[in-house]
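Counted the way our numbering counts, the sequence shown spans residues -16 to 352.
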Amino acid sequence: MDFGLREDQELFVKGVRDFARGEIVPLCQKMDREGIIDSALLDQIRQQGFFGLTFPESYGGVGLDTHTYGLVIRELARADAGVAIMISVHNSVGSYPILKFGSEELKNKYLPQMAQGKLASFCVTEPGAGSDAGSMSARAEKVDGGYLLTGEKIWVTNGHFAEYFVVTARTGGAGSKGLSAFIVERESEGLQIGAKEDKMGLRSSDAISLVLDNAFVPDENLIGEEGIGFKVAMSALDGGRIGVAYQALGIADACLDAAARYSLEREQFGKPIARQQAIQWMLAEGATELSMASLLADKAAWLKDQGKSFGQTAAMAKLACTEMAGRLADSAVQIHGGYGYSKDYAVERYYRDVRVLRIYEGTSEIQKL
Ligand SMILES: Cc1cc2nc3c(=O)[nH]c(=O)nc-3n(C[C@H](O)[C@H](O)[C@H](O)COP(=O)(O)OP(=O)(O)OC[C@H]3O[C@@H](n4cnc5c(N)ncnc54)[C@H](O)[C@@H]3O)c2cc1C
């Protein structure tokens, strides 16, 4: 068994780490305050090829394997978890439906543009259908040459900037078998982009609501065939959850680094708090939990890269990594004492950012079903 990284992986990840430290970290506080990604940074991310990470080279992408991609998301999340989820949603649930289920025509039309940085998003959740996605009510009515989509989608990550929206809607009867998936362009008549949510955390990433009012989508933009929309969405989420697991690992890395550093600097009772066993235990337990969760994420990525069944392991990895990162963020704030409750310290942001990882791409409870 080899737990090491290949030389090309190490080099790639080091490049991402340097980029994250040099270009993202200095902007984190500003983006958190303003609730939007810095536009110059967005351009840089595009130019550096981050929007093509998982796309095959034949479509103009980088063609990374899942494990290396996960390590990249981890490095990005260590700097800014909002930037990481923007890139992750685009490279997984926003594009995978086309890559896996789309016709050659759809792939050739959309994947090269997405890999170049035209942002993709994934629209499943509705006001009345979250965990129970199979009960969604958006509908797609068949008309000459295409479909008319009507309904409301919420929490659409990347929607503020996205050019493309993977939308699930009902073409058949009740239940999950009545759903189909479509690729909808931003300029489609009848598609309205709502305001950005004012979120607790991940503030450099946007999430919007989307109203479809008889939005026309041509026949060729049906992904796969009618009736497989639920399968398309669930299979995209299987892969997406590996990205969220690595995102959690990155936040946990940042929490542990910050807590260890602070514990050496902060003196109380005449010595650094790091000399107190209570603090050492929090750090040691955190490091152990982080290593355990990391192994599970690596296993899920490995299974996917081997072409083996990975859905269950991805769910376990998402559950383990996100719950672990929540605990580490809590300990990091605790180790910072009152300063951890101040926006002057990054752990305050990590604590807010990490919370939603147990909710999106399937809540912790749903991972256990
Ligand atoms: C910042 C953010 C970004 C998001 N991005 C996207 C996106 O890009 N695209 C998208 O489609 N969606 C997105 N979502 C939506 C997200 O996936 C949903 O919020 C999530 O699936 C939960 O749905 P819900 O909020 O309706 O909660 P509900 O489904 O109403 O759940 C409420 C509670 O009940 C529990 N629960 C529900 N059913 C069960 C059950 N059977 N057993 C046990 N417990 C249960 C849940 O675990 C939860 O604790 C995003 C959400 C957020 C907050």
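Idealized CB from N, CA, C, for every residue including glycine.
What you are looking at is a predicted structure, and each value in this text was computed from that prediction instead of being measured.
query: DSSP-derived helix/strand/coil call for P95; result: helix
query: Those residues which DSSP pairs with Y130 across a bridge; result: K125 and V200
query: Nearest-angstrom Cβ-Cβ length linking S277 and L220, presumed shorter than 8 Å; result: Contact doesn't hold; Cβ gap of about 21 Å is too wide.
query: Backbone CA spacing between R57 and R122 [nearest angstrom]; result: 37 Å
query: Whether V8 touches L36 by CB criterion (9 Å); result: no
query: Integer-rounded CB distance, given that I137 should sit under 8 Å from L89; result: 25 Å between Cβ atoms; not a contact.
query: Bridge partners - F105, DSSP secondary structure assignment; result: V149
query: Three-state secondary structure assigned by DSSP to R251; result: Before going on, a small fix: residue 251 reads as Gln here, not Arg. Of the three classes helix, strand and coil, the one that applies to Q251 here is strand, per DSSP.
query: Check whether A345 and R224 have beta carbons under 9 Å apart; result: Reading the sequence as shown, one finds Gly at residue 345 and not Ala. Yes, the Cβ-Cβ distance between G345 and R224 is below 9 Å.
query: Assumed close pair D15, S187 - CB separation to whole angstroms, cut-off 8 Å; result: 7 Å
query: Inter-residue spacing [alpha-carbon to alpha-carbon] between S211 and A98; result: At residue 211 the sequence reads Ile, which differs from the Ser that was named. Roughly 25 Å separates the two Cα atoms.
query: Helix, strand or coil at A112 [DSSP, three-state]; result: strand
query: Reference L239, options K254, K214 and E268, closest by Cα; result: E268
query: C-beta atoms of A284 and Y79 nearer than 9 Å; result: no
query: Nearest candidate by alpha-carbon position, reference K179, set M265, R341, A198 and A145; result: A145
query: Extent of the continuous beta strand (DSSP E) to which E168 belongs; result: L162 to E168
query: Own chain, CB closer than 7 Å to G177, minus 5 neighbours either side, in chain order; result: I191, S192, L193 and V194
query: DSSP bridge partner residues for T140 (one or two, in chain order); result: A190
query: For E135, three-class secondary structure by DSSP; result: strand
query: contact_flag[the segment 17 to 28, the segment 195 to 211] where n(CB pairs < 8 Å) is 3 or more; result: no
query: Assigned secondary structure, K326 (DSSP; H/G/I helix, E/B strand, else coil); result: coil
query: According to DSSP, residues forming a beta bridge with L174; result: L195
query: Continuous alpha helix (DSSP H) stretch holding M265: start and end; result: Q260 to D288
query: Sequence-distant residues of the same chain with beta carbon closer than 6 Å to V316, five excluded per side; result: G323, V330 and Y334
query: Cβ pair count under 8 Å reaching 3, the segment 147 to 159 against the segment 106 to 120; result: yes
query: Span of the alpha helix (DSSP H) around V66; result: A64 to N74
query: DSSP three-state assignment for K(-3), whether helix, strand or coil; result: helix
query: DSSP-derived helix/strand/coil call for K179; result: strand
query: Same chain only: Cβ atoms within 8 Å of E248, ignoring 5 sequence neighbours per side; result: P255
query: Any heavy atom of ligand 1 nearer than 5 Å to the CB - residues listed; result: F105, V107, T108, G113, S114, W138, T140, A190, V339, Y343, T346 and E348
query: Buried/exposed call for T271, threshold 16 Cβ in 10 Å; result: exposed
query: Touching by the beta-carbon criterion (3+ pairs, under 8 Å), the segment 306 to 314 and the segment 336 to 345; result: yes
query: Status (buried if at least 16 other CB within 10 Å, exposed otherwise) for S71; result: buried
query: Unbroken stretches of the alpha helix (DSSP H), 4 residues or longer, contained in the segment 293 to 348; result: 294 to 319 and 329 to 338
query: Per-residue DSSP class, three states only, for L25; result: helix
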